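Just remember that the numbering used here sits 68 ahead of the position in the sequence shown, which is counted from 1.
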Amino acid sequence: MAHEWYSDNDILELFADESTREAAFRIIVNQFGSQLYSRIRTVVSSHDETDDILQNTFIKAWRALPNFRLESSLYTWLFRIATNEALTFVRKNKRDYAISLDDEEVEVVPPSNDMESSDTGDEIADKLRMAVDMLPAKQKLVFCMKYYKEMKYDDMAVMLKTSVGALKASYHHAVKKIETILSVN
69 MAHEWYSDND ILELFADEST REAAFRIIVN QFGSQLYSRI RTVVSSHDET
119 DDILQNTFIK AWRALPNFRL ESSLYTWLFR IATNEALTFV RKNKRDYAIS
169 LDDEEVEVVP PSNDMESSDT GDEIADKLRM AVDMLPAKQK LVFCMKYYKE
219 MKYDDMAVML KTSVGALKAS YHHAVKKIET ILSVN
């Protein structure tokens, strides 16, 4: 069943009216929830953690929405909130993650002969996902946006409030770390 797509202006008008505020927010959740879930999931690997972060994102959005002024699209604004919530979660729970948020070198596991030419496409994809999961959160986010979602650096720079150069550097470092991880696994 196809859902009607609402413009940012339509949603904000509905949200401004107290009698339709909750309906407007349900539209936001339905219209942007799965995309935000995917973005958060690029930073954290657990479904439950992703759901918690998504819920926190929507709580922050609900509180801040009255002050939203369309300086960016509603999705870009929500994306920033979700990204910040995910990165904050990882920082707070850093001890639970093998890799820090800093751009430190990845600790490489001793070599094994797993990566043989007999690997199937699914096995190779699983190894790539494993390598991506080992990246620092910011590099993981940039890599996933560029590699999997094929986003342009200019669009990523707006969403993440950073420079194209910084994104290109993060992507380059991510690729090099993934190559290192895959060469020893």
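Note that CB positions come from ideal geometry on N, CA and C, so glycine has one too.
On a predicted model such as this, the values are computed, not experimentally measured, just so you know.
Going along the chain, which residues of its own chain have a beta-carbon closer than 6 Å to the beta-carbon of residue i, five neighbours each way excluded?
i      : result
Gln123 : none
Met224 : Met213 and Leu235
Can you list, in chain order, the residues of its chain whose CB lies under 7 Å from that of residue i, leaving out five sequence neighbours each side?
i      : result
Thr118 : Tyr105, Ile108, Arg109 and Val112
Trp130 : Phe93
Gly233 : none
Glu86  : none
Met219 : Met213
I think residue i touches residue j, with their Cβ atoms under 8 Å apart; what is that distance to the nearest whole Å?
i      : j      : result
Ile121 : Phe157 : 5 Å
Leu235 : Tyr221 : 5 Å
Ala205 : Leu155 : 6 Å
Looking only at its own chain, which residues have a Cβ that is under 8 Å from the Cβ of residue i, when we skip the five neighbours before and after it?
i      : result
Val266 : What the structure shows of the chain is the stretch from 69 to 253, and residue 266 is not part of that stretch, so it cannot be assessed.
Thr125 : Leu104, Ile108, Leu146, Ile149, Ala150 and Glu153
Leu250 : Met183, Lys195, Leu196 and Ala199
Leu142 : Asp76, Ile79, Leu80, Ile96, Phe100 and Phe136
Leu138 : Asp76, Asn77 and Leu80
Ala91  : Leu82
Lys128 : Ile149 and Glu153
Asp116 : none
Ser231 : Ala225
Going by C-alpha distance, which of the options is nearest residue i?
i      : options                          : result
Glu247 : Leu142, Leu235 and Val200        : Val200
Phe136 : Ser238, Ala193 and Glu81         : Glu81
Ser75  : Ile95, Asp85 and Thr88           : Ile95
Glu72  : Asn98, Ser114, Leu228 and Met202 : Asn98
Ala132 : Asp116, Asn161, Phe83 and Ser102 : Phe83
Arg89  : Ser114, Leu228 and Pro134        : Pro134
Asn161 : Thr230, Ser114, Glu86 and Asp223 : Ser114
Are any of the Cβ atoms in chain C nearer than 8 Å to that of residue i?
i      : result
His240 : The question asks about chain C, but that chain is absent: this structure has only one protein chain.
**Three CB pairs or more closer than 8 Å across the segment 231-247 and the segment 197-217** = Look at the beta carbons and you see the segment 231-247 touching the segment 197-217: at least three pairs across the two are nearer than 8 Å.
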